[in-house]
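The sequence shown begins at 10 in my numbering and counts up one residue at a time.
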Amino acid sequence: MQVLDEAGALGTDAKVVATGASGTAAFYRYLDHATHIELAGAHETHDPGRLAELPKLHAVNSALEVDLFGQANTEIGFGGRRGGIGGLPDFANAASKADDGLSIIAMSATAGAVSRIVPRLQPEAVSLSSGTVDVLVTEYGAADLRGLSEEVRAQRIIQVSAPDHRQWLRDGFDHLDS
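This is the structure:
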């Protein structure tokens, strides 16, 4: 954040509110003089009602996996639990409901040779429902998923998957109906 601020990327009227900060001694000196940065409790920073009132709220989160319905897994994978859900649902839900807001999942399409886009997540692995993920971004592009049928949503997601896995995903989607 400091680098973005010092480069002018935050704009002159930017206000940053966070629940915590950690870094180097130089970063703490920067925070001491940064009047546009405020630390507040999670009851304020993660309040879905307050967040949804923010115009153009864009929540950019990552996921371990996304399925062809647009559901995201942010907690379980690669042999076990990888993290907690934290404030992700608060921000994703609020951004999805905010005026001109977007809930974005940004992730690489693969982990090594394994696709991180799968035909269907296991029920216990669903951290975000399909209606909460507006846009999926991978190194192969961005898929706007808002207001689409399940079939079109799956097609859009397959388009941003790794090319080597696309046929496997198409076949997997076709088998979900049978």
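From the three backbone atoms N, C-alpha and C, an ideal C-beta is built for every residue, glycine too. Only a predicted model underlies this, so the values are computations on that prediction, with no experimental measurement involved.
Using 8 angstroms for Cβ pairs, my map puts residue 64 next to residue 107. What's the rounded Cβ distance?
Indeed, because the Cβ distance is near 7 angstroms, the residues count as touching under 8 angstroms.
With DSSP as the reference, identify every bridge partner of residue 47, one or two as the case may be.
Its beta-bridge partners are 26.
Checking 8 angstroms against the spacing of the C-beta atoms, do residue 137 and residue 101 come in under that value?
Yes.
Report yes or no: do the region 119-138 and the region 65-76 share at least 3 C-beta pairs separated by less than 8 angstroms?
Touching, yes.
To the nearest angstrom, how far is the alpha carbon of residue 115 from that of residue 42?
Cα-Cα distance, rounded: 32 angstroms.
Output the boundary residues of the alpha helix (DSSP H) element that contains residue 180.
That run of the alpha helix (DSSP H) goes 175-185.
With distances taken Cα to Cα, identify the nearest neighbour of residue 130 among 178, 147, 62.
Answer by Cα proximity: 178.
Using only the alpha-carbon positions, how far apart do residue 112 and residue 54 sit?
Rounded to whole angstroms, residue 112 to residue 54 spans 17 angstroms at the Cα level.
Would you grab the beta carbon distance between residue 117 and residue 148 for me? Rounded to a whole angstrom, and I think it's under 8 angstroms.
Indeed, because the Cβ distance is near 6 angstroms, the residues count as touching under 8 angstroms.
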